Amino acid sequence: MKKIMLALFLTISMMSFSLDGHLRFGGVTNANSYNKSDNEFDNYSPTFGLEVTQSFLLFDLGAGITHNRKISGTDISTTPAYLLARWNIIPIVIKPYIVAKVGKDIYTRENASGNIKGKEYYAAGVGMNFSVLQAELLYSVTNMDGDKRGNSNLEQLSVVFGYKFF
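Quick note: the sequence shown, position 70, residue 883 per this note's numbering, numbers continuous.
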């Protein structure tokens with residue numbers, strides 16, 4: 814009986830430290846490229862990333878890294894590394910959530926003159942999990958240093974789909 818209880822305790826303890834990994838692909842656009850006459854966004858670019866989270870009751874806490882390719886009009890691609898917090902609003906079959914991300918841009922590549930460096934990265938959005946699939950709408954801001962063309966914030970809107978691989 815002691816061996817069964819010990820095995821059960823170890824199994825439950827290991828399950829409590831289970832991590833979720835999401836491989837994510839999607840599209841990103843410059844948030845201010847919305848064309849009011851056409852009612853659509855003008856420029857798109859691919860985005861891909863990886864997130865690892867740990868569940869705590871109604872919250873998922875974790876870290877991730879994403880590469881946002883350059884969008885015509887900004888000519889800047891970024892790679893932020895971030896910490897994230899998700900609040901699973903209603904934990905049912907389709908799990909809607911609200912997400913917040915805070916981090917640092919670790920790599921910036923630009924086709925503009927000057928030495929542009931990304932600094933802080935923060936984002937907020939909504940999404941949903943269904944079994945092993947994930948969909949997310951995210952608004953993100955990357956503070957840029959050294960961009961002499963005007964605004965020092967790169968504001969982006971992205972739609973991302975993910976697959977939970979562990």
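Even glycine gets a Cβ: it sits at the ideal position worked out from N, Cα and C. No experiment lies behind these values; they were computed from the predicted model shown.
Along the beta strand (DSSP E) that carries residue i, what are the first and last residues, could you check?
i	result
Met814	That residue, Met814, is in no beta strand (DSSP E); it is neither H nor E in DSSP.
Asn956	946-958
Tyr976	966-977
Val906	That residue, Val906, is in no beta strand (DSSP E); it is neither H nor E in DSSP.
Ser868	858-869
Residues in its own chain within less than 7 Å of residue i by CB, not counting five upstream and five downstream?
i	result
Gly938	Val912, Glu949, Leu950, Leu951, Tyr952
Val972	Gly839, Gly840, Leu950
Trp900	Leu871, Phe872, Tyr910, Ile911
Which whole-angstrom value describes the C-beta separation of residue i and residue j, a residue pair presumed to lie in contact below a C-beta threshold of 8 Å?
i	j	result
Gln867	Leu832	6 Å
Lys977	Val945	4 Å
Thr891	Leu819	Contact flag wrong, Cβ pair sits at about 49 Å.
Can residue i be considered in contact with the ligand FMN, in the sense that its beta carbon sits closer than 7 Å to one or more heavy atoms?
i	result
Pro904	Judged by which ligands are present, the structure shown has none, so any question about the ligand FMN falls away.
Excluding the 5 residues preceding and the 5 following residue i in the sequence, name in chain order all residues of the same chain whose CB lies nearer than 6 Å to its CB.
i	result
Arg837	Gly862, Val973, Gly975
Ile884	Asn843, Asn856, Ser858
Ile919	Thr892, Ala894
Ala936	Lys914, Leu951, Ser953
Leu874	Gln867, Ala898
Phe943	Ile907
With a threshold of 16 other CB atoms inside 10 Å of the CB of residue i, please say whether the residue is buried or exposed.
i	result
Asn848	With a pLDDT of 48 at Asn848, under the threshold of 50, the modelled position of this residue cannot be trusted; read the value that follows with caution. Classification of Asn848: exposed, given that the 10 Å Cβ count is below 16.
Met957	buried
Ile905	exposed
Ile903	exposed
Per the DSSP calculation, residue i is bridged to which residue(s)?
i	result
Arg922	Ser890
Phe822	DSSP, once it has assigned bridges, lists no residue as partnering Phe822.
Ile878	Leu863, Ala894
Establish whether the CB of residue i and some CB of chain D are separated by less than 8 Å.
i	result
Gln867	Checking the listed chains, one finds no chain D in this structure; it contains a single protein chain.
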